[in-house]
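For the record, in the sequence shown the residue sitting at position 401 is 400 according to numbering that gives the first Met the number 0, with numbers rising by one throughout.
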Amino acid sequence: MAFDAQQLRAAEPRLRQMAMAHPDRPDLFVNWLAVLEALGSPEVLRNFRSRFANGETAQAVYDAFLAFCGRHSISDTGTRVMQAMLVRTPGIKSALSAIASLAGEDWQEDPAAAERAIKTLERARTLAPTDTTLANRLGTLLLTSGRPERAVAAMQAAFEADPSAARLASTLANAYAECELFSLAADVLIAHKTTQPLSRAAAHRLFMYLTTSGRLQEARAVLDQPVATDNGTTSLPEFAAYLSEWQSIAAYSIFEDRIDPGNARHRLMAGTLLSYGKPYRHNIALADGISTFDVGGIMENSPVEDPSFNIYLGDLIFGRLGDIDGQTAVDIGGADGYFAIRAAQAGAAVTYMEPDPLFGIRARAFAEMAGVGDRVRIVRQYLRLQHRKLLESTDICLSLGLVYHFNNVIQNLKYLMPGPRIHVIEVDGKSDLQWSDADAIAHQDGEPISLPWLKDHLRKLGFEIEEISEWAEFAARYPKSRGRELWIVRPL
Ligand SMILES: C[S@@+](CC[C@H](N)C(=O)[O-])C[C@H]1O[C@@H](n2cnc3c(N)ncnc32)[C@H](O)[C@@H]1O
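This is the structure:
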């Protein structure tokens, strides 16, 4: 039923009265806002202003408004209200940040929503080109939805206007890094360092970018400087714990141009250099009779204590997959790259995805040593919505030891599960843990996973699960790996 303006005008006082009388019924408030909006009434703007005038802080009003919008999925309405306010009072900080928070509430579910949110933020930025909150929000959204070039363009001016804005520095540096512009990423962090001490995480990134772009003197200087820790104090001894890991990257960066993959001694030297700091997860052959476990040891907290652990798992997987020559595969969370390399050795064109840069560098080195460097593409990223197209066009998806790293398992399974004909899922989880969907949403990296919930959820998503019992039996031999399972998952 369509209402005309007269009817809306007549209904408005009643709706307002109801909304005010029932503060526990936000749906009534939404209706009232929607009618005001349809009438083009400035009333709603006055309502917000009057809350400020009554002594509430801008933050309090907008926090309440945002919480309200978030609970009731009215980000479009909220955004339009804020935009109207912005047009009337350009630059009003609270409206800018409200738009920034509202835009993108639901984009993770839906690429079209991401595009809408980006347009909203871009429009808002024409009104406030140097507002750092907006710039950061827009940059983050562009970046996380797979548009790093646009993120760079959107954020440069804002960062130049305020190089002390920490979040801008790290988002812009990430955007540069995703465009493989590591030297520019380093420049941004250095510019930021002149106004603020770097956090440990930012120093780590700066070091990475400098070594990756061959600026090794500067990289060494980063290793020498005191760095602020997360709790704000400066502590070199604590920081030093990180250095050995970084030095292995530096060593490799210095060395990598000189590796001849055909030369066993070179391979061994490269493997040794790479083993400093973060020991190997996978037992990978480097030279005759010598493997990564011989030169680098293994992670103390890893289930991989048996040298045949990854080899047996690989045999089980590739034995089941049969002939994959000419197919495409992705290995999500590939760590050292053992399974990606095995897939490439079996003839597949592989995309290896892994956010940890050290693992990425190692995987590249090992792929080259194994002679399949041209068939393993390294993507240094977390799995995200932007990878949907890649997954949809891939034959096989390996996600081994991955799902329990997800924050919000339901969200990440949405990214993971579309597309491939075959998913190979290896999980560490508990059979006696009962979960609701809310538990899966609340899950944080490292917490236990409920295997019954996961199986049930995959079936609900339309997959059938073939459980490979040999793996559960093998893994049960070791206390650290008890509870691991291997599944071949196919669409019904
Ligand atoms: C336990 S390791 C497993 C490595 C390897 N697949 C295996 O089975 O031995 C998990 C890896 O996943 C990576 N990871 C965690 N969350 C991720 C995500 N959301 N997207 C991609 N990789 C992720 C981590 O950096 C880590 O290297």
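The C-beta atom is built at its ideal place from N, Cα and C for all residues, glycine as well.
Q: Could you name the residues that DSSP lists as bridge partners for Thr350?
A: Val329 and Arg376
**Q.** Spatial distance of Ala345 from Arg481 (CA atoms)
**A.** 29 Å
Q.
On a Cα-Cα basis, can you pick out the residue from Ala116, Asp324, Ile289 and Phe338 that is closest to Asn309?
A. Phe338
Q | Start and end residues, alpha helix (DSSP H) containing Glu148 | A | Pro147 to Ala160
Q. Heavy atom of ligand 1 less than 7 Å from the Cβ of Ile331, yes or no?
A. yes
**Q.** For Glu121, the three-state DSSP class (helix, strand or coil)
**A.** helix
Q) In terms of alpha-carbon separation, which member of Ala364, Gly400, Gly359 and Met368 lies closest to Ile377? A) Gly359
Q: Decide if Asp335 is buried, meaning its Cβ has at least 16 other Cβ atoms within 10 Å, or exposed.
A: buried
Q. Can the beta-carbon of Leu384 be found closer than 8 Å to that of Tyr414?
A. yes
Q) In chain order, what residues of the same chain lie with their CB nearer than 8 Å to the CB of Leu141, ignoring the 5 residues before and after it? A) Ile117, Pro147, Arg149, Ala150, Ala153 and Ala174
Q | Nearest-angstrom Cα separation, counted from Ala111 out to Leu538 | A | Since the first residue of the chain shown is 0 and the last is 491, residue 538 is not available in this structure.
Q) If you pair each beta-carbon of the segment 381-401 with each one of the segment 465-482, do three or more pairs fall below 8 Å? A) no
**Q.** Per-residue burial, Pro354 [other beta carbons within 10 Å of its own, 16 or more giving buried]
**A.** exposed
Q | Buried or exposed (CB count within 10 angstroms, at least 16 for buried), Pro128 | A | exposed
Q.
I'd like the list of long-range same chain contacts for Arg124, defined as Cβ closer than 6 Å, with 5 residues on each side in sequence excluded.
A. Leu133
Q. So, is Gln326 buried or exposed, given that buried needs 16 or more other C-beta atoms within 10 angstroms?
A. buried
Q. Would you call Asp330 buried or exposed, if buried means 16 or more other Cβ atoms sit within 10 Å of its Cβ?
A. buried
Q.
For Ala437, count the other beta carbons within 10 Å of its own beta carbon; 16 or more makes it buried, fewer makes it exposed. Which is it?
A. exposed
(Q) Let me check you understand the geometry: is the CB of Pro128 closer than 7 Å to at least one non-hydrogen atom of ligand 1? (A) no
**Q.** Leu137 CB to nearest heavy atom of ligand 1 below 7 Å
**A.** no
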